[in-house]
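Read through the structure below, which is laid out as structure tokens, and then see the notes.
There are 8 protein chains.
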Amino acid sequence: MKPLVRILLGSKSDMKIGDGIKEYLDKLKVPYDFHISSAHRKPENTVNLAKDAKDEGIKVIIAVAGMAAHLPGVVAAHTTLPVIGVPVKGPTLTGEDALYSIVQMPTGVPVASVAINGGKNAAILACQIIGASDKKYSDLLAEYKKELAET
Amino acid sequence: MKPLVRILLGSKSDMKIGDGIKEYLDKLKVPYDFHISSAHRKPENTVNLAKDAKDEGIKVIIAVAGMAAHLPGVVAAHTTLPVIGVPVKGPTLTGEDALYSIVQMPTGVPVASVAINGGKNAAILACQIIGASDKKYSDLLAEYKKELAET
Amino acid sequence: MKPLVRILLGSKSDMKIGDGIKEYLDKLKVPYDFHISSAHRKPENTVNLAKDAKDEGIKVIIAVAGMAAHLPGVVAAHTTLPVIGVPVKGPTLTGEDALYSIVQMPTGVPVASVAINGGKNAAILACQIIGASDKKYSDLLAEYKKELAET
Amino acid sequence: MKPLVRILLGSKSDMKIGDGIKEYLDKLKVPYDFHISSAHRKPENTVNLAKDAKDEGIKVIIAVAGMAAHLPGVVAAHTTLPVIGVPVKGPTLTGEDALYSIVQMPTGVPVASVAINGGKNAAILACQIIGASDKKYSDLLAEYKKELAET
Amino acid sequence: MKPLVRILLGSKSDMKIGDGIKEYLDKLKVPYDFHISSAHRKPENTVNLAKDAKDEGIKVIIAVAGMAAHLPGVVAAHTTLPVIGVPVKGPTLTGEDALYSIVQMPTGVPVASVAINGGKNAAILACQIIGASDKKYSDLLAEYKKELAET
Amino acid sequence: MKPLVRILLGSKSDMKIGDGIKEYLDKLKVPYDFHISSAHRKPENTVNLAKDAKDEGIKVIIAVAGMAAHLPGVVAAHTTLPVIGVPVKGPTLTGEDALYSIVQMPTGVPVASVAINGGKNAAILACQIIGASDKKYSDLLAEYKKELAET
Amino acid sequence: MKPLVRILLGSKSDMKIGDGIKEYLDKLKVPYDFHISSAHRKPENTVNLAKDAKDEGIKVIIAVAGMAAHLPGVVAAHTTLPVIGVPVKGPTLTGEDALYSIVQMPTGVPVASVAINGGKNAAILACQIIGASDKKYSDLLAEYKKELAET
Amino acid sequence: MKPLVRILLGSKSDMKIGDGIKEYLDKLKVPYDFHISSAHRKPENTVNLAKDAKDEGIKVIIAVAGMAAHLPGVVAAHTTLPVIGVPVKGPTLTGEDALYSIVQMPTGVPVASVAINGGKNAAILACQIIGASDKKYSDLLAEYKKELAET
């Protein structure tokens, strides 16, 4: 099936968060592709992954990054698709550096931030965005919501 | 036209943020409805506005709140639609109270946070979410993006 | 004996804090009941536990939650009983997210916050609230206070 | 009528917060007395106001203080009554100094903190504590809650 | 030799900090006495240790406390001697709660704060205070300063 | 004279900071050019200004931005020249959002951060960088340092 | 009378804090001298003022500084006298930058920090330090403490 | 080869950060010397290392320090060379104390701050500063940048 969500990781060290995203997209049956591409170390590649997403049928981009977490904002600058940012706690501060770098975007270029290390919620939010216009996914979400209440 | 976005304000004192949201939804031609309904002072009303949204054709909910900003989370608990939270700076702290209360949601119930006082970006993000499945809005966004680069 | 205090946990992962509350309510001989019920994952159940508390003879509700800790506020929205909130330190920030989400309530719907991870003090405070109108508990507290000074 | 609530202000400069407390206790018909007594500048007087409160029929103490806001904790050390602390924003930091000084009490001596500058909620919480054992006040609170939903 | 410094610990759990103070007072040959006495759990005892210090020949009081660290401020309220506060990092926040509770004292009742967990520096500062009027200790400090530069 | 420093502003609203940079580069006789180019709203233009700088004889780039201040990092991703970032205090938080977004860069792509709103120091630092290999500018700096000591 | 306290200001812009120090030293009859000398702009002069203080009969140094407030630490590095640091709130952050720069000194070189903008308390603390070995000043402090309780 | 970079460590405990700097300067073939010299414990030595650097052919100084991290600022006060500061996370706070002490320098005496614990980036930045006027190093950086994109 063609991917509807594009996952971008700023660094291989954020793989654990990436795995949480995949786990929940799998659970909700949302097809995705997955790339590691730093906004700072591989900027051209990152920009292309952002620019091409829409024409490739992607509906939401999830970008994961820690510290001065520019990845989601850089991606958002190059697409009109909704971009979800996942701030990652780094080795020194408590994650507020990544959170501020992701959430405090200037007017005109929004990023949708979820919780620090909140990869799983990014997956659910991506499914909600797709589900807003696709009954298949909103039904899957309704089922998941019931399941959630029962655990 | 039937509203596609529902705006919820936690308090009349956040009206200025609400006006920014309306201004940008108008600019992007996204139809919306608008309610003031506190999560704490009018909980039943708030829950109903969340629960009924999907059946009324709403595709995204924007919830605006300051201090212990529970409104977006409470709304998210009662819908499978994507919920955008706008944290508002209050009279004492610098807005991090509202930001944390909105963005730090537990696994299973995401809220998409934008910047503190970032109502305009919430409007654009809502349009992006709708535009992900509706060419009309993604075209409007593409135009807006060009305009943005020219200012 | 009929419970006078209702303990609500937002998540099973906060069980250690819950155990501290029970330990101190036991020590002060205050009868209680205990529920795990997330404000976001099981909102109806949570609301009912709040709404019914007063008629069931409960005098104080203790609500424990981490991250965007909405549980105490959601409970307070549905009862006129005093609600004590216990913020829990989560895996990323240092607990200030939960503290702000609990303590920064808007005018009209107070929550009484104790220290981060301060479950034991929530139990003592609950006993003080009951003891304000019931000599049996205020005597038990007076004894405890002496004991405290001797350790 | 004999006072049921004792209000203590750490400094005359917090009078505006004190007025908010009075306004809401008046609205809820809770009788109170009122004192300005710094924990640091008039320690003996403060300790006596705490120690004597219970025998004078007081059921709740509200203590208001800014900066290194020790007043609520010092009061709590000398009584078994529930003590509500109101942190006040000072001229430099954003109020988190007073909040931490009030809420982070050690095990054994709880203080119930409300929001920064949250005097009105301290009044409502005091009424809830009294109302937990006195139908007159819980009825007044039920009325107030309705009124709140209607504004 | 009669003690010149009084060390007060708010809790046995701060013993490691207390040991650092003793080590450095020993190194600088400053005689001291040592007490564990919580401001909240043993307030009378604490007040007496503060009040009597001057007449017993004490010249500086060092007070060590974590969380809502009121001990140094409570001591300062009952003496005209200089009081050094040592904020201790607790189990949740990063120590800024204790720091603010110690350093943000209101006009009229100063506390001299050293670094978080900075017990050793409290000992040196105490020696500097005594050495300001006693050549024996200022000579010992001059020697220590040389030693420091050589390590 | 050909410019040695390139100044980039993320937004016209940061003009006051930009003026401080110009004032100090003028004072130190460092030739510069000046552009307003948002990393998010005009990404291609911004990238080109970064990429072309070296070949145009620029030796240092100063990038000024507030909130999620990505501009300096985006510039640094596209050049091997030293990039100085100036974080700007925005309307809600106290400037720590911009500071973290600028200073917390990942290994491989450094940005040199100066103080929040510290445009003047960015100018001096740029001159120091040029002066490290150009006696003319290091002499001008030596003079400025004397002048500074005399004010 | 020969000065017993040396006041150092890092910048003319902190004059208001300097005036508060003078006012309180005058009130307590403590003789002082006063200098404006930046640790960064006039380092030699600052070092000399620190080094010579002891031989000139000074017993305490008060150093006032904002932002990266190095002045008190630099002074403490060059004297064995007790050094009191007064952190000053600057134009961007809320004063925590100056507080951390003053209070977080490494082992071996303590600085006694008072509250942000707490110049008056620095004066009182200086008097307490002198009064620890000089009855005249401890008597003046005892009087002041009474006066304080009466206001 | 004569050193072009001088590395200064405030304390032996920061050796791990120092090793990261050396590793990257070696990788980029930049010759350096290395000193441990505290700004507070060995102030004269530190000042001399700063003052003499320029005449010894040094082009950039990297200064590493934690807590009240004055070392970079003290060095900057005594040279017109560019000074890079590396804030180090200490045992209590999360590194923001060192960051603020380094980055918040007053006008006239800039320090270039990199990320908390960002020693490797300090090395790259030093190479960029030298490379701005020396093709050999800018070529090495161009190669490194390619390598970075390939990892």
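Chains R, W, V, U, Y, L, X and C supply the protein sequences, listed in that same order.
Position 96, counted from 1, in the first sequence is what the numbering used here calls 98; the numbers after and before it change by one each time, with no gaps.
Position 104, counted from 1, in the second sequence is what the numbering used here calls 106; the numbers after and before it change by one each time, with no gaps.
Position 139, counted from 1, in the third sequence is what the numbering used here calls 141; the numbers after and before it change by one each time, with no gaps.
Position 46, counted from 1, in the fourth sequence is what the numbering used here calls 48; the numbers after and before it change by one each time, with no gaps.
Position 78, counted from 1, in the fifth sequence is what the numbering used here calls 80; the numbers after and before it change by one each time, with no gaps.
Position 136, counted from 1, in the sixth sequence is what the numbering used here calls 138; the numbers after and before it change by one each time, with no gaps.
Position 149, counted from 1, in the seventh sequence is what the numbering used here calls 151; the numbers after and before it change by one each time, with no gaps.
Position 76, counted from 1, in the eighth sequence is what the numbering used here calls 78; the numbers after and before it change by one each time, with no gaps.
All C-beta atoms in this analysis are idealised placements derived from N, C-alpha and C, irrespective of residue type, glycine included.
- If you look at L:Leu10, you'll find it in the beta strand (DSSP E) that goes 7 to 11.
- Close to chain L, meaning a Cβ-Cβ distance shorter than 8 Å, are the following residues of the region 17 to 44 of chain X: Arg43, Lys44.
- At the C-beta level, V:Val90 and V:Asp16 come within 9 Å of one another.
- Contact of U:Asp136 with chain V is assigned, a C-beta pair being separated by under 9 Å.
- Relative to Y:Leu27, the option among Y:Leu150, Y:Leu127, Y:Lys147 whose CA is nearest is Y:Leu127.
- The same chain holds no residue with a CB closer than 6 Å to that of W:Asp141 once the five nearest residues on each side in sequence are set aside.
- Residue range 34 to 38 is occupied by the beta strand (DSSP E) that includes R:Asp35.
- Of all residues in the region 81 to 97 of chain R, only Pro93, Thr94, Leu95, Thr96 come within less than 8 Å of chain C when Cβ atoms are compared, listed by chain position.
- Around L:Met69, the beta-carbon contacts reaching into chain W at under 8 Å are Ala117.
- Neighbours of Y:Ala79 in chain U, taken as residues whose beta carbon is under 8 Å from its own, are Ala41, His42, Arg43, Pro45 in chain order.
- For C:Ala144, not one C-beta of chain R is nearer than 9 Å to its own C-beta.
- Non-local beta-carbon contacts of C:Lys14 in its own chain, meaning distances under 7 Å to residues more than five positions away in sequence, involve Ile38 in chain order.
- Within chain U, no C-beta atom comes nearer than 7 Å to that of Y:Ile9; the closest sits roughly 19 Å away.
- C:Asp99 has a beta carbon lying within less than 9 Å of a beta carbon in chain X.
- Residue burial is scored here from C-beta neighbours: V:Met69 has at least 16 other C-beta atoms within 10 angstroms and is therefore classed as buried.
- Here the alpha carbons of X:Ala144 and W:Gln106 stand approximately 51 Å from one another.
- Contact with chain V is found for U:Met107, since one of that chain's Cβ atoms lies less than 9 Å from the residue's Cβ.
- Comparing alpha carbon positions, the residue from X:Ala117, X:Thr109, X:Gly75, X:Cys129 closest to U:Pro93 is X:Ala117.
- In the structure shown, Y:Gly92 falls within a coil segment according to DSSP collapsed to helix, strand and coil.
- For X:Ala124, a Cβ of chain Y is located within less than 9 Å of the residue's own Cβ.
- Of all residues in the region 56 to 67 of chain X, only Lys61, Val62 place a beta-carbon less than 7 Å from a beta-carbon of chain Y.
- Of all alpha-carbon atoms in X:Ala65, X:Val113, X:Gly120, the one lying nearest the alpha-carbon of Y:Pro112 is that of X:Gly120.
- The three-state secondary structure of U:Ala65, taken from DSSP, is strand.
- In the DSSP assignment, no residue is bridged to C:Ser103.
- Scanning chain W for C-beta atoms nearer than 9 Å to the C-beta of U:Leu127 yields nothing, as the closest lies near 14 Å away.
- Listed along chain L, the residues sitting closer than 7 Å to C:Gly133 by beta-carbon distance are Thr82.
- Y:Val76 is the residue among Y:Val76, Y:Lys31, Y:Ile131 whose C-alpha sits nearest the C-alpha of Y:Leu51.
- Residue contact check for Y:Thr153 against chain C: a CB pair falls below 9 Å.
- X:Ile86 and X:Ile64 have their C-alpha atoms roughly 5 Å apart.
- Between L:Leu150 and chain C, the shortest Cβ-Cβ separation is below 9 Å.
- Residue nearest to R:Ser40 within the set L:Ala78, L:Lys44, L:Lys122 is L:Ala78 (criterion: CA-CA distance).
- In its chain, beyond the 5 residues on either side, no residue has a beta carbon closer than 7 Å to the beta carbon of R:Lys137.
- Residues of chain R whose Cβ lies closer than 8 Å to the Cβ of L:Gly75 are, in chain order, Ala41, His42, Ala70, His72.
- Annotation for Y:Met17: the continuous alpha helix (DSSP H) segment containing it runs 17 to 29.
- The criterion of a C-beta distance shorter than 9 Å is satisfied by V:Gly110 and U:Tyr146.
- The alpha-carbon separation between X:Cys129 and Y:Val49 amounts to approximately 22 Å.
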